[in-house]
Each structure stands twice: as C-alpha cells, then as structure tokens.
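Undergrad: Heads up, the sequence shown is in the numbering used here, so the first residue is 1 and it goes up one at a time.
First the structure, then my questions, so here it is.
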Amino acid sequence: MTIVRVRRAAMATALVCVALAMGCMAPPHMAAARPLRTKIQPNDNSDNHNAGAQDAAAALASASDAGLPSLKDLDVDRIKAPSAIGAAGRPLTVQRVKAPSSLAAEAPANGKAKVDRIHGPDSDTDNSSSSSNGKARRSLAVGAPPSKLKMNTLKDNAPAAFAELSELPPAAKKRAQDKLDKMDIPAVDGRTLHFGPDGEPYVADDFPVPPVSRERVEEEHGRGRRFLTENPPSSYDNNGLPIYHSRPGAPNTMVLDFDGHTTTSNNYWGAFSARPYDPSNDGTAFSSYEQGQIALIWQRIAEDYAPFNIDVTTEPFVTQGPTDMHVLITLSVQTTGYAMPRHTSGGVAVLNVFGSSIYEYYSPALVYYDNLGDGYAPYISEAASHEAGHNFGLNHDGYGSSSYYRGLDGTTSANSWAPIMGIGYGKAVTQFSNGEYAGATNTQDDVSIIGGQTGFAADEAGDTPATATSVTYTGGNDFKADGVISVRTDKDWWKVQLAGQGSISVYATPWYSSTDTPGNNLDIKLTVYDSNGTPIAVSSPSGSTDASVSLASLAAGSYYIEIDGVGDPAVLATDYGSLGQYRITGSVVADGTTTTSTTTTTTTTTTTTTTTSTTTTTTTTSTTTTTSTTTTTSTTTTSTTTTTSTTTTTSTTTTSTTTTTSTTTTTSTTTTSTTTTTSTTTTSTTTTTSTTTSTTTTSTTTSTSTTTSTSTTTSTTTTTTTTTTTTTTTTTACVNDGLESNNAYTTATVLSTSDVALNAVICGGDVDWYRVPVCGGGTVSITVGFSQAVSDLDAVLYTQAGAGVSTGYSTSDNEELSHTDTTGYDTLYYLVVYSYNDQSTAYDISISVDCPTTTTTTTTTTTTTTTTTTACVNDGLESNNAYTAATVLSTSDVALNAVICGGDVDWYRVPVCGGGTVSITVGFSQAASDLDAVLYTQAGAGVSTGYSTSDNEELSHTDTTGYDTLYYLVVYSYNDQSTAYDISISVDCPTTTTTTTTTTATTTTTTTACVNDGLESNNAYTTATVLSANDVAVNAVICDSDVDWYRVPVCGGGTVSITVGFSQAVSDLDAVLYTQAGAGVSTGYSTSDNEELSHTDTTGYDTLYYLVVYSYNDQSTAYDISISVDCPTTTTTTTTTPAAGDFPSLSCPANDGYEPNDNRRNLQRTFSPGTYYGVLCNGELDWFKVRACRHGVIRAHVDLDPATANSVNVGIHRNNGRPLGLQRLRDGDLETDVAVYAPYDGEYLVKVAGFVRRSAPIYRVIIEVVGCS
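Laid out in structure tokens, this is it:
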C-alpha cells in the first residue's frame, strides 16, 4: 500500500482488541473483575498466555493479534475466512464467510464452527452432556461392554502404539504384550497410548484446554494470596517455595515438584533438564503470584487424594522410594531449548508403576503448565491428579468414541460434574469414577485401585451413635468438626450436647477452592439424630454441595450429626466418587442462655388463709446498666388459683406457685438489644408484645422470699411473668447506586473534573468503573472516601490502553490516587473501585485535574502571556481509537457528529454492497484543525484518502470484490488540534439485470460417497489433530464442506512454514493459520494448486498455532500437509548507536542515489547484503530487493540520524508485499532490528517507510542474509 500519510495516530493509546471474555477492545488489565492488591502485572496475556497483547499501533503497519491482519500491506481481496477472532470469539462480520469464524468448541453437522470459544467448550459434538429438555443425562451405561485394547485390536485402534511396539526388542515387546493383556485399556484410548523403550505403556494426554481469560488469572492470583495468608505453609525453601503437607507421616507420598528436575539417560524418559514452574518468567525464585498458585494447586490435588493414606506435599524428597510418587510441573521446553518428552501434551505418565521397585526409573509423571493455561491453577491441578491416576494404573474415563469425557453440565454453578480421569476443566465437582454414567468407556473401580495400593485415610469419626466423636467447642455455644469421607460406605457421626431445652444449628460444607471454581469431590448429605438415634432432620439440597439444618424447641440431651457423601439426582445420582474433605460448624443454645429482650407483666392475688408462719427472707440487690428500651403492650390477669411465676435476673430463673406464699418484687430485668424486634409471648393468659429499640437504662433488682405456714396470715402474692423475646436480625439487601450498570470498563460511568464528591455504593463483590477525561500532560488526583471499618475498598487507575498507573491498596480509611499524563494530548483514564473483602458500603469520589499552562515570552517586551489549555471533551462514540473498536456506521448516517481530541484517532466501520460506490464527506473547519481521513478495505488496503489542506475531506471508492463487505474509515488531526466534525455517507448499490436462458438437457450424475480420513473427528479447534515439525507429508481428505483443524507446536521466535498440497482442478482448498489466542496470522487464498503459509512467532516462547483447511467450493479432495519449523539461534550483537556525524548529507527533493525505489513493483535492481544510506522525503517508502534461500535468515538493522530522526517503519516482506516482520521507530527511537526466516527460495523486500509528511529522516540500513550459500 502506497498510502503513507498516516501519523502515529495515537495508536499506542488505542484499546487493543483481544479475544477476552469481557468483550472486544478490553485492555489486558481491564477485566470486569476485581483487580489484585499487588503490583501491576506485566501485560503478558489476555485470555491466554499465548495471546500476547500487542501495541495497537500495528493496526496500520502489521498483522495484529487483536483483530484483522495487516491494515498496512495485506492486499488480499478474496477474504472468506475471518482474519481474527473478534469480541468474545465472534468474527468481524463478513457476509461471505466460508472458513470457521473462530476457534470454536464444536462444529455442527455442516462442519462450520459456531461456538464462542472464550469460555471454553463444555462438550464435544459426540460428548453431549444434556438432553433436549436441558436436563443432564444421568442414566447408567447400557448396551455392550466397551471394547478394550488387546494385541488383536492394537493396530486398528492405536496405530502409533502398534508401530512403537513393532520396533521394540523381543524382551520389551513381550513385556508390552503382557501388560496390554492384563490392562483393560479402552479401545478409544488408543490414540493417546504409547510404548517406552522397555515395553512399559505410557499415556500422552492431549486433552483440549479451554482458553483462560485475564480475568480468571487475576481471580486466581487473589485466591492464592488469600490462601497463603489464611493457610500459611510450614516453611519456605531458599527460593521461596511454600512447603505444604496434606497428611504428614503417611507411608505414601506424592511430591509435587515445582523447582525443576534433571534426569540422566538411565531414566525411562531419557536425559532431560526440566525448567522450574515459572509462569511469571522471572527466574528461579518464586514470585508472590507463583507462590499463591503453587498453594492452590497443592490444595486441589490434596482434595482429590484426601480419601487415601498418602501425603500430598510440595517438599522434595531426598531419594525416591517405591511408594513415593513424583509429579513434575514444568515447561514443555528444557533449559537447553530442546523439547520435553511429548511436549505438545498437557501431561505424560507411565501406566501402573506405583509401588514398583524401580519406580524412580519410570518417574516423574510430567505436567506441562505452558500447555495448561500458562500456570492456571485449576487446569494444572486437574492434569496433575489425572497423571497421578495413570501412575496408579487408572485408564481414561471416556464417552462413546471419545477417550475423554467432559462430564455433565449442572443445574447451578455448584453441581456440574466430570470424572478426574476424563476432562474436568470448568466443572464444579470432579471425582474418581467407576463409569456410572451413560456412554461410559471405562468401568474401572478407581477408588479401590488407588486405595488398594495406598490404603485409606483413618476415620476421624465413628460410623454409629455409639462410636460418634464429640465436636470441638470453639467458645461459647459454637462448635466445629473437620473430617474426610474416604469410601462410599463411610458415614461420619459427630456428637453434640444440648444442656437444656433449646436449639441446634448445623452447617456442613465440603472443601472447595472458591465458589467460582470449586474443585470439591464431596457432595454432602447432613442428617441430625436425637439421643435415641432417630433422624429428626435431613438436608441434601439439589444444586448445592453444602447442607444445613436448624432445629428449635429441642429437649436437653445428646444429638448426633451424620455426614454422608451423595450424588445429585439432577445431574448424576451415583455417590460412588462423592468422597473428600468437609467442615462442620454450628451452635447449641439452651433457651435460658440467650436473652435478647425481657418483658415483665405483674399479676397480684390476695388470699387469706390460716397457717403457722415461719419466715425466712433473702434480699439481693444488684444494679445493672444496659442498652435497651422496651415498649410493651400488656394484658394483666388476676388469678386466685395456682400461679406460676418465673423471674429472670441476668441468667437466674425462679419459679413460685400459690402453694407457697411468696412475695417477689422485680423492678427491672437486664436486657441488651440494639435491633428492632417484634415478639408475641403468651404466658397463661398474658399476652405481651415488645418492641426493642436502643437507649440506656439503669436497673435495680431486689428479690425477697417469704414463706408462711401454720398461722393465720393475710398475704399478698405478686406474681411476675417474665417473657423472653428472641431477636431475629434481618439483613437489609444492599441497594446499589444510580450509576449502575458500570461493572465493566466498557460501561464505565463518565466523570468530569467537576465531580467534587460523587456518591456511590459498592454492594459485596461489585466492581465500579469510571471514565475520567484528563488533559494532555495534566495531573489527575482522585480520592475515594470510605470507612475501612465497614469495607476495605481498593482502587486502581488505568490508562486508556489498559496500563495501571496508580493504585490505592491501603488498609486505612480512604484511598488516594494520582498520576501525571505523559501522552501529551487529551485522553481518557479508567478508575475501578471494589471491595477487597467483599463488604458493602457507601463511598464518594473526588477528582481534580491540573492542566499545564503554556508560557510564551516575547523578548522585545517584558510582557508574559499565560495561556491555559482547556481539556477537550470527547464524543459519545469513544472508545473507537482502534479499528478493532470501530464505531459501526450505516448508509443512514447522513450527519454523524463527532469530536477529535488532540492526537485522538477515530475509526469507523462502513458496510458496502458488492460493487457499490461509497461516498464519504468528513465536514470540519480547517482553521480549527487539519483533519485527514483514509478509507481501507477489510483486508487493510487503502483505497481512498482525504489529505487536503482546506475545509472538509471527500472520499469515494467503488467496491471490486463483488460481494457485500466492510470498509474501515479512520479520521485524525494532522496537526493534533481538537475539533468537532461530522460524517456523511452514501452508498450506491448496482442494479441487477437478470438474463434467463432456457436449455433442455438430460444429465445423469453418479455421486460417490467421500470417505474421510483417519484424522477425524477434527472438525473443531478443540479436537484438532496434533502435528509436529517432522510431519513431512500428512495425508488427509476434505469431504465437501468438511473443516479440518490441526494443532502445530512452534518454538519461541521460530518460523513455521506450511504447504497444503492439492489439485485446484479437483477442489479449491484454502487455509488459515491462527495463533493460540485466535488471531489469523497467515492465509492461503490462491486459486492455483497448493497453498503456502508462513509465520514467524513473536511471543518469544514456545507456543501452539492452529491450522484450518477447508474447500472454498465445497468439493471433496485428498490433500497433504508438509510442515517445517525453524527455531532461532541466540546471537548476542553489540550495536553502537551512531552519532549525527556518522551520516552523509542527504536532503529533499534531491533524495538518495537509489531512487526510484518508493514502489516495490517498479524496482530496477536487486541489492546485495550490505550497508545503504537513504533519506525518506515527505513520508515516502524505500524498498530494497534481496535474495535469500529457504530457511535462511534475513536481517535488517536501521539507524536514524539523530539530527533528522522522525517516525519510521522497518519491515521485511515477501516479494508480493506481504509482511513477514515489522518494527517501528517512535518517540526518539534511533535504531531497530528486524529478522525473519525465509520461507522460500527467491526474492524478498526490505522496506524503510517514512510516517510523517514534511519530514526527511536520514537513515542507514544494514541488510544481512545468513544461512545461504
């Protein structure tokens, strides 16, 4: 593209569109979740560690992982596949879409992908978890037993394993055959089965892993920090590794190895040097983030193996014995740069070797964290427990023809289910299984197999009332108990004691990591029994794994709590795997022990009898101060018969009747209450209604007791009826503020500098986002006012690009944030406020922005003029600062009103009919700002420009694609001046003339059914066939509209070259290469035989790419795939930055001696590797044609003359102009390097491009070609 009059365009501040769960445009640090109270993490990923969020400036110059391919040099107009996965996995709208629009989780019958991939798949197309009515299937497996892998079925079901076995020496082959005959390995496990050098079988698990959003990673970070605080390890090693033990002293251990490991050639896996767990990529010392993740990983695996007598620990062993399992959590690439065994897998483990006398030889089981969400704790935990299961001899729990069962969706977020030996990612409850679900491929008794080798955990509580264990009282009336349900028949009984008539409340919860990603194995049934062993209450709610019971008016005595593991009939009724840890909490309250308010009603009866009287008087006086006011409505009844009087003074109860003449006077009863309570109590015939508010009362209580007998006496009996009112506290729901919904940065409330004290509310785990306009170079100061005693609020301030620039993480009242803008132009910042401890509170926000003043001094006078810059208020279309966040326009937008603020850039998306002519007018005043505009095709080719120096810009283009498509319009200020403007659009669509030709013909067509290849089902990215660099010629078949997905591992910085070989005459195949995050990086859209794709990885670490192949015209054909991956060698180059005197004197318009070379199509010469000096006049491009061999390295080093330096792009391209690599020089940068691997023999282009008109930067380019003769 020769359109070069596009400035830096403020792309560096544009919101990068990455495929995140929170939607398109979300910067990596701006998930709609609570940020973490730590330092701002590096911008290493967004929804996956391989997603590498890139600077949005690439929108005009190179392929961007956030959206379209290049908006600079790609001139492909035959766009059928989307060039990237857009918002939340949705492609940019293209009417004529033939390729899958996303790395979807499944494919419908027509082979076209359609599922949003951001949250990950829940089921395969052949692995459905729900019936048509939406309820999970839960019937037991029926039909013929699943087929098993034996020698006579190995070749058909496990061709790779069969080939490996065939190459083994006789003794090893015999061992392999014996093992296979003894193991009931399901036939569907064949593709993951392999044989090692001595014949022992092992499994390389390639279970698909759903992407992980940045939001999820940050949530796990917060959980890890909290877990370390609440459950500190016993110690840390010298590198900061937290040491945990789940069952210290157990005879069996499972060591989770996070600090790397080295083996020799005597090991089953051969010699390797494994890296430590280091997702932060900051060296061998464990960061706080890594420590938290290690703790979370440990606790989840400890839960999975809690029923067994094994200590899950992070403490390394000195020597490994037969019952010491070793699980290594490492990177898939060694410290030497070589790949680990089966490095594309999620985990690798030898089958059934626990307890072997040479267990160390078969160890460790391997878990590759970079293939599991780059260290995401829930994924690593599931994989590690799974691989440990293989060491114990467990096979996969599959479904139908799939070796991995994804489990069942739940009716709530708490009861979805999956087997540990299947795929448990994203499921709430994971359990060991015996195949009690429909379609099961494996009926192994997992629990008995493991327990038979380790034994089971000792029972903490008995299984009957007679053997029940007493709960532990934690103070006052509260109690707790911790336990483990270890086998299916285990029921734990706990004893509580009620001292008098009263109530019992019990709450039982299984261990779980969080409500979001629980990870528990146990679903609880809670039963309460009376002292006779009769059940009086049961709780086992569907949709929840917790249980609770509250009982009142119970007689004094012993009561029993029974804990049992059950299934949930709404999902999976079996209780087989419902085992694991739990905690009981509760309270026992006798009625006389808790008094909230007391009302006294007095009844007086006068009786005359003849008695002989002996009087004993006891007087007690006490003074009590209490906070309580009781308003009482009472009915007084006079009784001349037997009267029962109950007097409560503090906690003492006295009962008197008329058979004893008793006089009791109570002035008041001590009561404390600070809530409002309504209670109605009836005593005999006395009804009392009391309402308690708060005040201060001082009371004096005098008790006198007189007994009279054997004399004639007239006595007065004062009967005091004391009513005890129990206060029930009602929690008032938090009422949110009127600023909602502002729970995501995309719905942020717009604030201004006039918001001196904005009042708002945080409700529990709510998150509030605000958008704050700040003038260029201005200092924004923000105070978030609140009471720390009510809620611990935190706040973070982000740039518009998503970089955290100020944090408020204190543990005192209020948070203060401040930042001075460095962009130099008016921009927006984002403020997020949330509660660290999830407590609701009201708060206020005060904002002030100090804008810089401009001082101009005229030397001819002593007058100083001070100009104050007024902040530009942007339009309501923001944020549309990147093409990925473009505002969608339509032909009805006759006069759209908008604003440019300084160096702002506004993008718009314009639908145009096939063959139609689009006309656009950008209306503005040149005197206010010199606006420019460019219209791009969807492929990124500039087709019309508005570069005038007068009012308004006119653009027009007639579409040549022939089908409805999208165009992109960008508007910006050439001189960075703010102004309002409007846009008017019209699209004239062509009229269609239909010619009808009548022909009579008889055609007989014989259709031969297409026979698909053995790689199916690979119709979705989640079931992609795994390829490798040594796949020289993979043979495959496309059947009609079939779609074939492949997964290709690529080394960090490596160049992958792919050839899809086919005959165009039979079928027009196309291909697209995606990053693991879903961004299209290379396409094969030719109309000739074969497609060539190539891409140089820019992540800098080993990662996965996805290749999709499909037929554009839906015709069946055979094809082959050849792959090569060239990994870079590390070279240290010392470059001295040149000084101004190192450059020749070049100027414009004379230009340099290589002209004309500003158009790649008109180059007159081929340049040899060497050093060349040039000048870029008025934003021109200089092209240099060089030759290189396939797999050679082309390198371009560019230096700028400091005296003339300006913005420059440097790129290396194919001869057709498609980019292979690109770098930018901005903001004072004086040098850069670009290096690429050459994917073919032939000519390549080095490009040095000016980026600003009216400039003339002088440069030096050093071109090298390495590795070619």
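The beta carbon of each residue, even a glycine, is placed where N, CA and C say it ideally should be.
Just so you know, these numbers come straight off a predicted model, no measurement behind them.
Give the single residue among 300, 367 and 302 whose Cα lies nearest to the Cα of residue 203.
TA: It is 367.
Undergrad: On the DSSP bridge assignment, give the partners of residue 1243 in chain order.
TA: Answer is 1187, bridged to residue 1243.
Undergrad: Within the continuous beta strand (DSSP E) that includes residue 1222, where are the two ends?
TA: Its beta strand (DSSP E) spans residues 1219-1225.
Undergrad: Are the beta-carbon atoms of residue 944 and residue 925 separated by less than 8 Å?
TA: Against a cut-off of 8 Å, the Cβ pair of residue 925 and residue 944 comes out as no contact.
Undergrad: Run the CB neighbour count on residue 358, radius 10 Å, all protein chains shown included, and call it buried at 16 or more, exposed below.
TA: When all chains shown are included, residue 358 counts as exposed.
Undergrad: Checking the sheet assignment: what are the DSSP bridge partners for residue 437?
TA: According to DSSP, which records beta bridges pairwise, residue 437 is partnered with nothing at all.
Undergrad: Tell me whether residue 1161 sits in a helix, a strand or coil according to DSSP, three-state version.
TA: Reduced to three states, the DSSP call for residue 1161 is helix.
Undergrad: Hey, residue 900 and residue 783 are a contact pair by Cβ (cut 8 Å); roughly how many whole angstroms apart?
TA: Incorrect: roughly 31 Å between the Cβ atoms, too far for contact.
Undergrad: Pull up the CB-CB distance for residue 1073 and residue 1081, whole angstroms please, since I reckon it's below 8 Å.
TA: So it is a contact: roughly 6 Å between Cβ atoms.
Undergrad: Could you say if the stretch 481-488 and the stretch 565-582 meet the contact criterion of at least three C-beta pairs nearer than 8 Å?
TA: Short answer: they touch.
Undergrad: Run through the DSSP bridge pairs and tell me what residue 261 is partnered with.
TA: In DSSP, residue 261 forms a bridge with 274.
Undergrad: Work out the CA separation of residue 760 and residue 737 for me, nearest whole Å.
TA: Distance between the alpha carbons of residue 737 and residue 760 is about 6 Å.
Undergrad: Might you give, ordered along the chain, the residues of its own chain that have their beta carbon closer than 7 Å to the beta carbon of residue 806, omitting 5 neighbours on each side?
TA: Closer than 7 Å at the Cβ level, and outside the excluded window around residue 806, lie 797, 817, 818 and 819.
Undergrad: Could you spell out where the beta strand (DSSP E) holding residue 972 opens and where it closes?
TA: First-last of the beta strand (DSSP E) with residue 972: 965-973.
Undergrad: Indicate the three-state DSSP secondary structure (helix, strand or coil) for residue 523 in the structure shown.
TA: Reduced to three states, the DSSP call for residue 523 is coil.
Undergrad: According to DSSP, simplified to helix, strand and coil, what is residue 1211?
TA: Strand.
Undergrad: Mind checking whether residue 1096 and residue 1052 have CB atoms under 8 Å apart?
TA: No, Cβ-Cβ distance for residue 1096 and residue 1052 is not below 8 Å.
Undergrad: DSSP state of residue 297, grouped into three classes?
TA: Looking at residue 297 - three-state DSSP - the assignment turns out to be helix.
Undergrad: Drop a sphere of 10 angstroms on the beta-carbon of residue 468, count the other beta-carbons inside from all chains shown, and report buried for 16 or more, exposed for fewer.
TA: Buried is the call here.
Undergrad: Pair every Cβ in the stretch 570-582 with every Cβ in the stretch 431-446, then say whether three or more of these pairs are closer than 8 Å.
TA: Segments in contact, yes.
Undergrad: Pull up the distance between the alpha-carbon of residue 902 and that of residue 973, whole angstroms please.
TA: Using only the alpha carbons, I get a separation of about 7 Å.
Undergrad: Can the beta-carbon of residue 471 be found less than 8 Å from the beta-carbon of residue 380?
TA: For residue 471 and residue 380, no; Cβs fall outside 8 Å.
Undergrad: What number of angstroms, rounded off, separates the C-alpha of residue 1187 from the C-alpha of residue 1195?
TA: In a straight line, the C-alpha of residue 1187 is about 12 Å away from that of residue 1195.
Undergrad: For residue 954, does the count of other Cβ atoms within 10 angstroms reach 16, so buried, or fall short, so exposed?
TA: Exposed.
Undergrad: Quick one: what's got a C-beta closer than 7 Å to residue 298's C-beta in the same chain, skipping five residues either side?
TA: Excluding sequence neighbours, residue 298 sits near 244, 256, 312 and 314.
Undergrad: Along the chain, where does the beta strand (DSSP E) that runs through residue 759 open and close?
TA: Looking at the DSSP string, the run of the beta strand (DSSP E) that includes residue 759 is 758-762.
Undergrad: Consult DSSP for residue 370 and reduce its assignment to one of helix, strand or coil.
TA: Of the three classes helix, strand and coil, the one that applies to residue 370 here is helix, per DSSP.
Undergrad: Taking residue 907 as the reference, give the member of 176, 969, 1025 and 1202 with the closest Cα.
TA: Residue 969 is the option with its Cα nearest to residue 907.
Undergrad: How far does the alpha helix (DSSP H) with residue 386 in it reach, from first residue to last?
TA: Note, residue 386: alpha helix (DSSP H), 377-391.
Undergrad: Measuring CB to CB, does residue 539 end up less than 8 Å from residue 558?
TA: No, they are not a contact pair.
Undergrad: Does the stretch 910-919 touch the stretch 984-991, meaning 3 or more C-beta pairs lie closer than 8 Å?
TA: Counting Cβ pairs under 8 Å, three or more are found: they touch.
Undergrad: Between the stretch 769-785 and the stretch 826-844, are three or more C-beta pairs nearer than 8 Å?
TA: With the cut-off at 8 Å, the stretch 769-785 and the stretch 826-844 touch.
Undergrad: Any idea if residue 529 is buried or exposed, counting beta-carbon neighbours within 10 angstroms, 16 or more meaning buried?
TA: Label assigned to residue 529: buried.
Undergrad: With 16 as the cutoff for other CB atoms within 10 Å, does residue 317 come out buried or exposed?
TA: Residue 317 is exposed by the Cβ-count criterion.
Undergrad: Could you give the residue range of the beta strand (DSSP E) that holds residue 583?
TA: Looking at the DSSP string, the run of the beta strand (DSSP E) that includes residue 583 is 580-590.
Undergrad: Where does residue 288 fall in DSSP's three states?
TA: Helix at residue 288.
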